[in-house]
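Residue numbers (my numbering): 269 to 334.
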């Protein structure tokens, strides 16, 4: 994808056995959590995680249109 590597601090995403998607990215809950768009909220057990746009664009071909 041009974004992931073997480095321990690089973003990544993958599909879990149950079909859910796991994301490793920058936790920006503290800086962006108070500036969410209208109608968007975070639960107490949720974090706002940011990944590079290029990562999601590269993964798009592997995401089914369901």
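Each residue gets a CB set at the ideal place from its N, CA and C atoms; glycine is no exception.
All of these numbers come straight from a predicted model, not from anything done at the bench.
- In the three-state reduction of the DSSP assignment, residue 318 falls in the strand class.
- In the three-state reduction of the DSSP assignment, residue 330 falls in the helix class.
- Per DSSP, reduced to three states, the secondary structure at residue 291 is strand.
- Boundaries of the beta strand (DSSP E) around residue 281: 280-283.
- By the criterion of at least three beta-carbon pairs nearer than 8 Å, the region 298-308 is not in contact with the region 278-288.
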